[in-house]
Amino acid sequence: MIPIVDLTELRRNPREPKLAELLDTALQNTGFCYLSNHGISLKLIASAQAAALHFFSQSDAFKQKYDIARAIRHSGYVGFSECGMYVDEAMRMYESYDIGLELPAFDIDFLSGNIFYGPNTWPDLLGFKSAVYSYYEAVSDLARMLTHTIEAALGLRFNSLTNMMSKPTAQLRLIHYPENNTVQRNARTHSMMGAHTDYEFFTLLYQTSPGLQTVDVRGNWLDAPPIPNTLVMNVGDMAEVISGGRYRSNPHRVLNTGQERFSMPYFAAFDYQSVIHPMIEAKKNSRQPVIAGEHLLKQVTQDFAYLRMRDGQEKDLYSRLTINSGKLGLVNRNQFLEGKASCLN
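If you read the sequence shown in full-length UniProt numbering, its first letter stands for residue 1, the second for the next number, and so on.
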């Protein structure tokens, strides 16, 4: 059973001992919990959802104008044809719109080619940017407070984690799963979104319909249906590293129920160059230290075909990529990486 953690005390004192204990216990067991009384207004959530669904209701031609593969950074529309490498995702049955921290075109990291920084791609729809980015800012504030709670839960000093969040690579995905009549008989090969872990620190998810599943402590799939007025929180890869394996970045997936489904996962993340390592005593076989942005870039490259294929060439960059400073250059047909990143032959 996935626990519910009441966040009533969070905004008064994010390091409140009882709250830290409850969150710590929840994240140790399944790596998943529901968050009630999270403080984000239902009106704000509804506005972001309405803006997103209005975009998804537009024609394919309109949506393709904002195709993420044509964007100046990793932000924009991701259509049904964009395929990742989840082995159990035989049919991609969702579309999405991705945004991150809004930064100006003169941002130094954007100018140096970092795909996670710079101006977002915004569709020409009245109210879309305002509604969606207002939610992004609200959920970012919540994530920062929860990070203070995790600091307390792990016995870390105040700001020991949030001081790595001055320019986070945090992303928000607006995901639309249309109603369909192809309900799976074999969940292993007919997931709407295949089994995966999340690459960042933790995820805060708003969802409208069933389908989400995670793995329990016995290795069985466990349903995580929506509970009114809650968000789902789950541990990401960076939390597993920081906690020395105390928290597990748990695999999860979305099954096809036939119902229309909408979700907004927010991936709380650190600054690109943050060195992530165990900050408490590590368990045996725990994950090794990693640079947060480099890990994210490698995993995102696995998920997005447009990062693996440029100008008609098909190359699996995920298996061939070594990154020194994480600058992925989207360049010509003879060159996949530039600057301080390199592609092995």
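C-beta atoms are modelled at their ideal positions from N, C-alpha and C, and glycine is treated no differently. Remember, predicted model here, so these are calculated numbers, not experimental data.
| Asked | Found |
| --- | --- |
| First through last residue of the beta strand (DSSP E) which encompasses isoleucine 280 | Element bounds for isoleucine 280: n/a, residue is neither H nor E. |
| Inter-residue spacing [alpha-carbon to alpha-carbon] between valine 5 and tyrosine 34 | 6 Å |
| Buried or exposed (CB count within 10 angstroms, at least 16 for buried), alanine 250 | Residue identity check: residue 250 is asparagine in the sequence provided, not alanine. By the 10 Å Cβ count, asparagine 250 comes out buried. |
| At least three beta-carbon pairs within less than 8 Å, the segment 203 to 210 to the segment 223 to 239 | yes |
| Stretch pair the segment 58 to 77 + the segment 93 to 105: three plus CB contacts closer than 8 Å | yes |
| Cα-Cα separation between proline 289 and glutamate 281, rounded to whole angstroms | 13 Å |
| Cβ-based neighbour list, leucine 27, same chain, cut-off 6 Å, excluding 5 preceding and 5 following | Val235, Tyr247 |
| Identity of the residues DSSP links to tyrosine 77 by a beta bridge | Asp67, Tyr97 |
| Buried or exposed by the 16-neighbour rule on C-beta atoms within 10 Å, applied to valine 254 | buried |
| The segment 119 to 131 contacting the segment 37 to 56, beta-carbon criterion three pairs below 8 Å | yes |
| Candidates Ala268, Asn181, Asp216, Met164, of which the one nearest serine 274 by Cα | Met164 |
| Residue interval of the beta strand (DSSP E) (run including isoleucine 45) | Isoleucine 45 -> not in any beta strand (DSSP E); alpha helix (DSSP H) instead, spanning 42 to 56. |
| Bridge partners - threonine 214, DSSP secondary structure assignment | Leu222, His252 |
| Proximal residues to alanine 105 (C-beta, below 7 Å), its chain only, five neighbours per side dropped | Gly118, Pro119 |
| Contact belief for leucine 10 with leucine 19 at Cβ below 8 Å, rounded distance in angstroms | 6 Å |
| Rounded straight-line distance, which links the Cα of arginine 12 to that of leucine 307 | 43 Å |
| Buried versus exposed, by CB contacts within 10 Å (16 or more), proline 14 | buried |
| Cβ neighbours of histidine 295 in the same chain (closer than 7 Å, five flanking residues each side left out) | Tyr199, Asp237 |
| Boundaries (first-last residue) of the alpha helix (DSSP H) holding isoleucine 115 | Per DSSP, isoleucine 115 belongs to no alpha helix (DSSP H) and is neither H nor E. |
| For phenylalanine 270, the nearest candidate out of Thr257, Gln259, Ile291 (CA to CA) | Ile291 |
| Between the CA atoms of threonine 162 and phenylalanine 201 - distance to the nearest angstrom | 11 Å |
| C-alpha gap between glycine 312 and alanine 305, whole angstroms | Since pLDDT at glycine 312 reaches only 37, below the 50 mark, its modelled position is unreliable, and the value read off the structure follows with that caveat. So the two alpha carbons sit approximately 11 Å from each other. |
| Cβ pair isoleucine 242, histidine 196 closer than 9 Å | no |
| Beta-carbon proximity of isoleucine 150 to alanine 239, cut-off 9 Å | yes |
| Closest residue to residue 348 among Thr8, Gly211, Leu154, Lys298 (Cα-Cα distance) | Here the chain has residues from 1 to 345 only, and residue 348 is not among them. |
| Spatial neighbours of histidine 38 in its chain, beta-carbon cut-off 7 Å, leaving aside the 5 residues before and after | Leu7, Leu142, Leu231 |
| Outcome for valine 217 when other beta-carbon atoms lying within 10 angstroms are tallied against a minimum of 16 | exposed |
| Selection from Phe110, Ser36, Ile45 that minimises the alpha carbon distance to isoleucine 72 | Phe110 |
| Proximity to glycine 79 [Cα-Cα], best of Ile175, Gln302, Asn181 | Ile175 |
| Check: serine 243 C-beta below 8 Å from any heavy atom of the ligand COA | Within the structure as shown, the ligand COA is missing, as the structure has no ligands at all. |
| Aspartate 24, DSSP secondary structure in three states | helix |
| Residue span of the alpha helix (DSSP H) that contains leucine 297, given as start and end | 292 to 303 |
| Residue range of the unbroken alpha helix (DSSP H) whose run includes serine 134 | 128 to 153 |
| Buried or exposed by the 16-neighbour rule on C-beta atoms within 10 Å, applied to residue 354 | No information on residue 354 is available, as it lies outside the stretch 1 to 345 that the chain covers here. |
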